Each structure stands twice: as structure tokens, then as C-alpha cells.
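Following: one structure in C-alpha cells, then a few remarks.
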Amino acid sequence: MFSALLQIDGSGYFLRERFNAELGATGSWKAALFRRFVPANSWRLRIFVGVIVRLLMLRRRWRNRHGMPVHRIGPSVEAVTRVERDTRTIGFSDPGPVEVVIIIPVYNNWSMTATCLRSLMMTSVATPYRIVVVDDGSTDETPERLAEIGGITNLRLTENVGFLRAVHAGFDAVSEPWVILLNNDTVVTDGWVDALVDLARADETVGVVGAKLLFPDGGLQEAGSLIFATGSGVNYGKGDQAERGWYNFPREVDYCSGAGILIRHSVWRSTGGFDLAFAPAYYEETDFAFAVRRAGYRVMYQPKAEIYHFEGATYGTDESPKKRALMSINRERLITKWSTELSTHLQPAIGHRVGQAWRTPRGRILVVDSSVPQTDKDSGSIRMFELVRILRQMGFAVTFLSMRGVFGEPYVGALRDLEVEVLDGRANYAPEIARLGPVLQLAILSRPEDASKTEPLVRHFAPQAKIIYDTVDLHYVREARRAEIENDPAIAAIAEQYRVMELGLVTRCDATLVVTDTELGILGDVVPDADVRVVSNVHSPLPRVHGFRDRRDIMFVGNFNHLPNRDAVVWFVEEVFPRVQAAIPAVQFNVVGSHLPDEIAALARPGVNIVGWVQDLGPLYDAIRLVVAPLRYGAGIKGKLGESASHGVPFVCTTIAIEGTLMTSGRDCLAADEPEAFAEAVIALYGDEATWESISANVQRAIDAQCAPEVARAALEALFSSFGL
């Protein structure tokens, strides 16, 4: 009944939009609603609107009580829903040759079609397209109005053939490789075409891409759809908050509603498109999705393509017995046609929560870390990001739970572009683990603090899942070495706390990941029965832009939240660099890294350039002649050396810096531990072109042998195989 209000206002506004605008206003919004919507002599409408207002108030209170904001439509929706009878305000320029065509099937309801077309005209996209409107025998003013609009193709059917046949008529009339099927009861948003097309173009296995559908008030209508073993289906997330992380990453889904989907035209032709056995409607998109998968393609959901959908306005929302009977008939038809495939689907009790919201060939993995990977800030983030990429390439669905640190762009978006669900666990992570529990096969828990918090929860909510503790490095070893250098009993006590925590995790978890053979040996001695595997940092050799003669200066790179890096730079500047400057007066030492503390900034002096954070290190590695890693303590593998090696930049380091690597001093680098010897190595390598060129080539081979993506993937495959996955 509320939908009947859409055209009650003579100016053509949708009352739904006005209600939302008033809900967001300050002051007496209830009185404002009455003043704007109800003339003094319209007492029947006053009573009706009063009921609606009270319902909206109850909805508002309920959502506020549960921490859920009252959604409002965006400004673009408010603008385009000012429907005017004068179609001269709607028009499109000739796009020229295009690869994308939008097909809009319509039947009567001209005001809705005008709104859709106006939204297309007003929104900004980079991808050129043309529009084909299929008029399915409309009997209102639609034919005349469409004829007045320039820049579109108006395909007029002489009789009403129904939605499915109208769609087929549209496809038969176009030849572009990418076809977007769009309902006329929609309002599109900026970039929606680009998001759909870019996802499909990036992967030749993608046959269909569906948009995120929103209700006019901004609430979620659909984030892809699920089909259960019973043949029943549901729009995933319907009625929930559209901003939740659950709904904002691309993923493979069972099917997408046809209100806004991109279809690879060759796939439409090879599958025959919508099966006319399902005419006039219902279950046709579901059936088509099964056919697309049988043809070897994937059906994807793209949250970046947001479309407001006035559900049911295109061909009606009739809930008559005839409609229910037709839906029942077509559901049975779907079950009969796809019984084998449906037998692998989940039952609604689990699937509705999370189960087949993701389609995946291998299972689901929860990855827990302190922060979303900030690949421009620290080497641990680079390793984590690459491991997640490898897990996706292996066919796993991945949920990334960020526990403590940064949660924002561009870092969240980078993970979502890998089709990863990214969740913010800083406030409360337990409900997220509980939600995922029934469908998890694996959990990778990174770093001792966060692994200790989440391991009991995973055991409780996902008893079937294998738990892997990812050390990143052995914290207790690192802190013990620091305590020895600084001769500090307090640090030694911290090291002991880490030892108890980490060895407990190694004992309780089903497997443990370390980054070097050295740490593999350490754990083998103290926890001999544990399943410990080496999965190191991930680097690939990069083309070297410049040779020895086109480079100059020395560089250190590191995240200064990591205390060994602070100690290393202070030691080098105070103990080593004066000796280097005496031999090479023109040389500059560049200190590069994130989270620069005052004690490092204070080291600036002639010849010492405190650069700080640099987003893209590539140009620096292409220009620098030498990297130094003067680490006096630490554990694990040093990402700064992996990065330098992958760029083919030789380095001078301490022996502890190359601990656990395949690098040998004299062949792949130069190593020294005392200030005088370290300075002599820097001076020698900085001025010896032949040695520099030899080490440059050797170190790239060494890092590839230990840290290539294929090495990490093989180690993970072997581990998962031992779990039967």
C-alpha cells in the first residue's frame, strides 16, 4: 500500500524521498511532514500519513536502539526523482562505437522509466555505452514519450509478450560484447557501469556480474542471492545495513537478480539466455546462473556498482494466488532441471546466515591479523597481503579480520579487490567468529597477542576447523636478543612472557608457520611434536632499471614502530657512517620508513637525509646504489632485504640480518657486525663495480629461490593436503 503513494503528490516527487529528507531534519520533523504533505482539507490523507509517520518513528527508534542508522537516499536519487512530464529534459548524445549496451525492458509506468533514464543521464561513468529501451507493448504514454528522447534506441514490440521475451528481443537486437540488463524501476549511481565492466574484463572466466541493489531509503535489498538445496532462494542481506563488511567485497554468488546485471554476450548466446520455459517470469535468473556455471563461467557480485531499486515497479508486485502458483511451478522446474547441482547446496538454516553467500571450490579460511595489510608501510604487511592473494589463487574464500590497527582505505579496498571479506574486529570480534564458525575449514591466526585472543573462540565456534598459528617471527627470540644487547631485565621478562604465550600456541594449534629454517630448528628443539612449516616472505625479482654507474648514495628502509629498526639506524649513524663519510665525502645516507619517531628525526645532519615515509619505493630502489641493514637484534626474515634483493640492489648487513636466508656473505651480499668492518664493507661495495654487478645478479637468484610466490604456495598446499583439503 505504501507504494501507492509514489504518485500521490502532484509535483511528481516520490513521498518516500520526502519522508527520508524529513527524518534527517532537525526540529519538529513530524509537524513538518504534515505541513508539506497534507493540505488542510485533506483529512483522510492526514490520517493515513499520520499512521505512516508513527511507523517511521517506531522504525527509527528500533534501529537507533540496535545501533543501526536510519538510511537516507543519496543526493543523486533525490535529484533524479523529480519526474517531469516534459521529456525535453532527457536526452543522450551519440556515444559512437561502444562495447557496452544497456537494455531496459519497460511496460507502462512512464514516470518510473523517465526517472531511470534521467539517472542514467545525470550520473558519471567513464565507460561509453548506448541504451536500448524495449517497450513491451505499453498502453500508457510510454511509446510517445520514448519517441521524443534522442540518443536512445527505442525497440517497440507490437504486443505485450512478458519480461523474458522482451529481454530476448533486446538481446537479439544488439551485438555489443557486454550487455547490461537494467530494470526501469531503478536509479543508478556514479561509476556503476565501470564497476560492472571492469570486474568482468579483468577475468575471462566471469560470465555475469550483478550490482548491489539498495532500497530507496538506502537499506540493502540484495548483495547477490542464494539458492538452497530446497530450490528456495533469498536475497543475501536484504533489509540489513548496506555498509557492513559482509556485503562490500566482490565474490562469486549463486545468482543475481536481473534488476541490474552485466552479461557477457557470448555467454548469453552459448547458453541460450533466459530459458523461456520459465516465462512469463520467476526463477529465470537463477536458472540462467546455473547454465552460466555449466558453461564454465562464474557469476559475480560487484558491490561498487550501487543501484537503487524500487522493487516490483517494472512488472508489478502482485501477490495473487496466480503469482504464488507460478513461482511454485517454476521452483519445481528448477529443482528438476538442476537436481544434481542443488544437491551440493546448503539448507536454509545455515546458508541463510553465511553459507552460500560465497561460492568457493575449496572452502573458507579466516585470517586474523593486527591490522589490514599496509603494504606501503611495513614488510609484514607485504607478506600477509601476498599470502592472502595466494590463498585466493588456490580457490579459498577468505575472510580477513583486523583486530587492532588501521582499518581504512586504500588498504581495505585492496583486499576487497582480491574478493576478500574484510571485517573490523576492533570493537567486538567474537560475533564475527561465531557467524563464520559453522562454515570454516581453516583459520590462520597471526601474531601471538591476536592469536591468543581468537584461538579459543575459533575452537568453540568452529570445532571442525584446523587452526594455524602464523608467528610472523618468533617474538620471544627477538625480545631475548634485545634484552641481551641492552642488558635489561625488564625486557628479559617480556621475552619470557612471549615464550610462554608462543609455545602454548604452537602446542595447541594444529600447525605453526615460521619464516625461516632457523626458527624451524628452534621450535623443533623445544616443541618436537609440533607440526611446524616454513612459509617465508613473498617477493619476485623485478627488472633492474639502472646499473652501477647510474646510481648513487646509501639507503635504509624500515618501519620505525619496529624497535630493531630504530636501534639499527642510531647505531649506523653514530658508529658507522662517520667512517664512510671520511672515505666518500659526497655520499648521502637516506633514512626511509613509516612512523618516524623524534629520536630518528633528530639524527638529521650533513650527509644524513631523514626522508620518512614514501608510498612508492620503486623509484628509490631504481636510483640508490647501496642498501644497508645494520640490525643488531631481531628474528624472522628481514623484509627490507627481500625488497632490496628483488630490485637487484646489493646490500651490506649484519649476520643476524641474513639469519635464516639462503644468502651468503661475499656472494649475495656483504656482512659484518663491528662498526669498522661494517664501514669497510660499505666503502668497498660502494666503489667496486664488478663486485656490485655480481652481487646484484646473485641476490636476485637467492631471493627467488626462497621467497618466490610458488615456494609459498607449495608449502601451503603441502600443509593443507595433510589436513585433507
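Residue numbers (this note's numbering): 1287 to 2011. We put the CB at the ideal spot given by N, CA and C, even for glycine. All of these numbers come straight from a predicted model, not from anything done at the bench.
Do residue i and residue j have their CB atoms nearer than 8 Å?
i, j, result
"residue 1386", "residue 1464", "yes"
"residue 1486", "residue 1495", "yes"
"residue 1652", "residue 1685", "yes"
"residue 1886", "residue 1855", "yes"
"residue 1730", "residue 1796", "no"
"residue 1712", "residue 1682", "no"
"residue 1566", "residue 1457", "no"
"residue 1629", "residue 1515", "yes"
"residue 1813", "residue 1922", "no"
"residue 1657", "residue 1692", "yes"
"residue 1816", "residue 1969", "no"
"residue 1914", "residue 1858", "yes"
"residue 1564", "residue 1616", "yes"
"residue 1736", "residue 1655", "yes"
"residue 1504", "residue 1553", "no"
"residue 1498", "residue 1509", "yes"
"residue 1809", "residue 1820", "no"
"residue 1798", "residue 1946", "no"
"residue 1426", "residue 1441", "no"
"residue 1571", "residue 1531", "no"
"residue 1971", "residue 1936", "yes"
"residue 1723", "residue 1748", "yes"
Give me, in chain order, the residues of the same chain whose beta-carbon lies closer than 8 Å to that of residue i; leave out the 5 immediate sequence neighbours on both sides.
i, result
"residue 1876", "1839, 1840, 1841, 1842, 1895, 1897, 1906, 1910"
"residue 1476", "1362, 1409, 1410, 1411"
"residue 1996", "none"
"residue 1466", "1386, 1387, 1388, 1389, 1415, 1479, 1482, 1546, 1547, 1548, 1549"
"residue 1612", "1566, 1567, 1568"
"residue 1663", "1845, 1880, 1881, 1899"
"residue 1578", "1493, 1494, 1553, 1557, 1584, 1585"
"residue 1447", "1422, 1423, 1455"
"residue 1633", "1514, 1515, 1516"
"residue 1551", "1457, 1460, 1461, 1462, 1463, 1464, 1465"
Please work out which residues of its chain come closer than 6 Å, Cβ to Cβ, to residue i, disregarding the five sequence neighbours upstream and downstream, and give them in chain order.
i, result
"residue 1827", "1932, 1986, 1990"
"residue 1470", "1390, 1392, 1398, 1399, 1402, 1600"
"residue 1659", "1667, 1670, 1671"
"residue 2008", "none"
"residue 1293", "Here residue 1293 scores only 34 on pLDDT, less than 50, and its place in the model is too uncertain to base an answer on."
"residue 1384", "1414, 1415, 1416"
"residue 1975", "1834"
Just grab the DSSP bridge partners of residue i for me.
i, result
"residue 1948", "According to DSSP, residue 1948 bridges with nothing at all."
"residue 1820", "1800"
"residue 1755", "1731, 1798"
"residue 1492", "1584"
"residue 1500", "1506, 1594"
"residue 1957", "1939"
"residue 1841", "1876, 1913"
"residue 1655", "1688"
"residue 1519", "1513"
"residue 1650", "1683"
"residue 1855", "Note: residue 1855 sits in no beta bridge, so no partner."
"residue 1479", "Residue 1479 pairs with nothing; no bridge assigned."
"residue 1386", "1464"
"residue 1474", "1593"
On the premise that residue j lies in contact with residue i, defined as a C-beta separation below 8 Å, what is that separation, rounded to the nearest angstrom?
i, j, result
"residue 1893", "residue 1845", "Incorrect: roughly 24 Å between the Cβ atoms, too far for contact."
"residue 1786", "residue 1998", "Contact flag wrong, Cβ pair sits at about 29 Å."
"residue 1557", "residue 1575", "Wrong, their Cβ atoms sit about 10 Å apart, outside the cutoff."
"residue 1594", "residue 1500", "5 Å"
"residue 1432", "residue 1453", "Not quite, the Cβ-Cβ distance comes to about 17 Å (not below 8 Å), so this is no contact."
"residue 1751", "residue 1765", "Their Cβ separation, rounded to whole angstroms, is 30 Å, which puts residue 1751 and residue 1765 out of contact at 8 Å."
"residue 1502", "residue 1596", "6 Å"
"residue 1957", "residue 1941", "5 Å"
"residue 1831", "residue 1818", "Not quite, the Cβ-Cβ distance comes to about 39 Å (not below 8 Å), so this is no contact."
"residue 1850", "residue 1784", "About 15 Å; that fails the 8 Å criterion."
"residue 1993", "residue 1928", "6 Å"
Quick one: residues in its chain with C-beta nearer than 7 Å to the C-beta of residue i, no 5 flanking neighbours on either side, listed in chain order?
i, result
"residue 1534", "1589, 1702"
"residue 1369", "Here the model assigns residue 1369 a pLDDT of 46, short of 50, so the residue's position is not dependable, and the following value carries that caveat. Contacts found: 1298, 1397, 1400, 1401."
"residue 1380", "1437"
### Message
Report the start-end ranges of each alpha helix (DSSP H) in the segment 1858–1944 that is 4 residues or longer and not cut off at the edges.
### Response
Listed in chain order, the complete alpha helix (DSSP H) runs (minimum 4 residues) inside the segment 1858–1944 are 1863–1869, 1884–1887, 1904–1909, 1925–1932.
### Query
Considering only residues of the segment 1523–1578, which uninterrupted beta strand (DSSP E) runs meet the minimum length of 3 residues and lie entirely inside it, listed in chain order?
The segment 1523–1578 contains, as complete beta strand (DSSP E) runs of 3+ residues, the segments 1546–1550 (chain order).
### Message
List, from N- to C-terminal side, the beta strand (DSSP E) runs of 3 residues or more that fit wholly inside the segment 1388–1472.
### Response
You should have 1416–1421, 1439–1442, 1464–1468.
### Query
What alpha helix (DSSP H) runs, 4 residues minimum, are completely inside the segment 1580–1623?
Runs of the alpha helix (DSSP H) spanning 4 or more residues and lying entirely within the segment 1580–1623 occur at 1607–1623, in chain order.
### Message
Quick check for students: name the residue ranges of the beta strand (DSSP E) that lie wholly in the segment 1662–1715, counting only runs of 3 or more.
### Response
DSSP runs (the beta strand (DSSP E)) wholly in the segment 1662–1715: 1683–1688, 1707–1710.
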